[in-house]
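These protein sequence lines map, in sequence, to chains P and L.
The C-terminal residue of the first sequence carries number 156 in my numbering, and the numbering is unbroken.
The C-terminal residue of the second sequence carries number 156 in my numbering, and the numbering is unbroken.
Idealized CB from N, CA, C, for every residue including glycine.
Note sheet for the following structure.
Protein chains: 2
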Amino acid sequence: MDDRRPGEVPLLLAMTFRAMTDHLHARLVELGREPLRPAHGYVFRYLADHPGATVVDLAARLDVTKQSASKTVTELADWGYLERRSHPTDGRAQILVLTERGREYLHLADELWAESEKQWAAVIGADRLDAVHADLRAYLDHVYGDHRINIRPVW
Amino acid sequence: MDDRRPGEVPLLLAMTFRAMTDHLHARLVELGREPLRPAHGYVFRYLADHPGATVVDLAARLDVTKQSASKTVTELADWGYLERRSHPTDGRAQILVLTERGREYLHLADELWAESEKQWAAVIGADRLDAVHADLRAYLDHVYGDHRINIRPVW
DNA sequence: TCTGACTAGTCAGCCCAGTTGACTATCTGC
DNA sequence: GCAGATAGTCAACTGGGCTGACTAGTCAGA
Chain P
2 MDDRRPGEVP LLLAMTFRAM TDHLHARLVE LGREPLRPAH GYVFRYLADH PGATVVDLAA
62 RLDVTKQSAS KTVTELADWG YLERRSHPTD GRAQILVLTE RGREYLHLAD ELWAESEKQW
122 AAVIGADRLD AVHADLRAYL DHVYGDHRIN IRPVW
Chain L
2 MDDRRPGEVP LLLAMTFRAM TDHLHARLVE LGREPLRPAH GYVFRYLADH PGATVVDLAA
62 RLDVTKQSAS KTVTELADWG YLERRSHPTD GRAQILVLTE RGREYLHLAD ELWAESEKQW
122 AAVIGADRLD AVHADLRAYL DHVYGDHRIN IRPVW
């Protein structure tokens, strides 16, 4: 059963993530929602967790240039998912704030990701899924220690 | 401990894969090797597992157009990792064959991916890693059933 | 056996999300 | 108050994907 080829696990991680991404995308289409890309989802999540974040903060977290982050922000702002507000103390900076629409979308996305989790749990059992969750966390904590980390996969 | 936010697991999968990809990339640089992209690795793996494959086969597996697959193949052929040979029976087609250099690179990549696995195993234990492996496989088998699947993540 | 539909692969041109580089406006430490 | 750092934007480029149009070869049927 466990004829595990050395080096196979990372590939399986990627394939699994791809499968879940496909599911999310299909569900969004099914619901008639704009299928934002995962990169957008990361923006939402980051802003929800870090109120007062700026474009530069976001760029650092996503590990892209500030120009690229700025472009994404412009796009999401045009679509009404977030707003730029003037920074209270720094005249150069703008803080990024999710709109109600943005928070609602984030909530929906979480629910749809959770569908994939439930699907997985149905196959392997909820306790095993909890174990996987803990194991992933343990690995990331070990690799990155305290300081936070790159969210976006790179190809 | 298991205050698992619903929908968090897919993100953790992506972050873990990203961490392992970063590790691979860093090791390749360290060894003075050309840091081919993961997409190239998928080509190598597919060709190693499917001798006699053509560009069209590859395109189907990677879920890209044949034009795109052809471009990647040209690149890898220019770098000496694979060769195009005339198809024995079909005058239109070419079969793709890994060179010794290509097989050597694939072997190295597997070793480097395995380093990440070992690192993970050191944190959570080998038995837990085996469990994760089995759980990933179980999910993919459930989602895709028999017919094989998309390897390449999509953004 | 010829012909029409299909298939393998390439060429050319476009698109999009990222990049680098140059710039303005503002902030901060000496 | 000035020099250097920082937030953000504009412009031009790149790379890896795409569509569309094409050539060359295959194959099935009348």
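Tell whether a beta-carbon distance below 8 Å holds between residue i and residue j.
i, j, result
"residue 55 of chain P", "residue 81 of chain P", "no"
"residue 139 of chain P", "residue 125 of chain L", "yes"
"residue 134 of chain P", "residue 5 of chain L", "yes"
"residue 70 of chain L", "residue 59 of chain L", "yes"
"residue 11 of chain L", "residue 21 of chain P", "yes"
"residue 57 of chain P", "residue 67 of chain P", "yes"
"residue 129 of chain P", "residue 132 of chain L", "yes"
"residue 14 of chain P", "residue 25 of chain L", "no"
Does DSSP put residue i in a helix, in a strand, or in coil?
i, result
"residue 35 of chain L", "coil"
"residue 5 of chain L", "coil"
"residue 98 of chain P", "strand"
"residue 93 of chain L", "coil"
"residue 12 of chain P", "helix"
"residue 156 of chain L", "Bear in mind that a pLDDT of 42 at residue 156 of chain L, under 50, signals an unreliable position, so the number given afterwards is only what the model happens to contain. Three-state DSSP puts residue 156 of chain L in coil, outside helix and strand."
"residue 18 of chain L", "helix"
Which residue from the options puts its Cα closest to that of residue i?
i, options, result
"residue 114 of chain P", "P:11, P:73, P:10 and P:42", "P:42"
"residue 28 of chain L", "L:111, L:121, L:127 and L:71", "L:111"
"residue 46 of chain P", "L:102, L:85, L:86 and L:9", "L:9"
"residue 1 of chain P", "P:36, P:23, P:12 and P:92", "Past the boundaries of the shown model lies residue 1 of chain P; chain P is included only from 2 to 156, so the question cannot be answered."
"residue 74 of chain L", "L:120, L:88 and L:40", "L:40"
"residue 98 of chain L", "L:143, L:65 and L:85", "L:85"
"residue 64 of chain L", "L:51, L:77, L:78 and L:44", "L:44"
"residue 144 of chain L", "P:141, P:122 and P:142", "P:122"
"residue 142 of chain P", "L:120, L:127, L:87 and L:141", "L:120"
"residue 105 of chain P", "P:83, P:92 and P:76", "P:83"
"residue 87 of chain P", "P:34, P:23 and P:53", "P:53"
With a threshold of 16 other CB atoms inside 10 Å of the CB of residue i, please say whether the residue is buried or exposed.
i, result
"residue 32 of chain P", "exposed"
"residue 7 of chain P", "exposed"
"residue 90 of chain L", "exposed"
"residue 38 of chain L", "exposed"
"residue 136 of chain P", "buried"
"residue 117 of chain P", "buried"
"residue 62 of chain L", "buried"
"residue 103 of chain L", "buried"
"residue 156 of chain P", "Reliability of the predicted coordinates at residue 156 of chain P is poor, the pLDDT of 47 falling under 50, and the value obtained from them is presented with this limitation in mind. Residue 156 of chain P comes out exposed."
Please report the residue range of the alpha helix (DSSP H) in which residue i lies.
i, result
"residue 143 of chain P", "127-145"
"residue 70 of chain L", "67-79"
"residue 54 of chain P", "Premise fails: residue 54 of chain P is in no alpha helix (DSSP H) and is neither H nor E."
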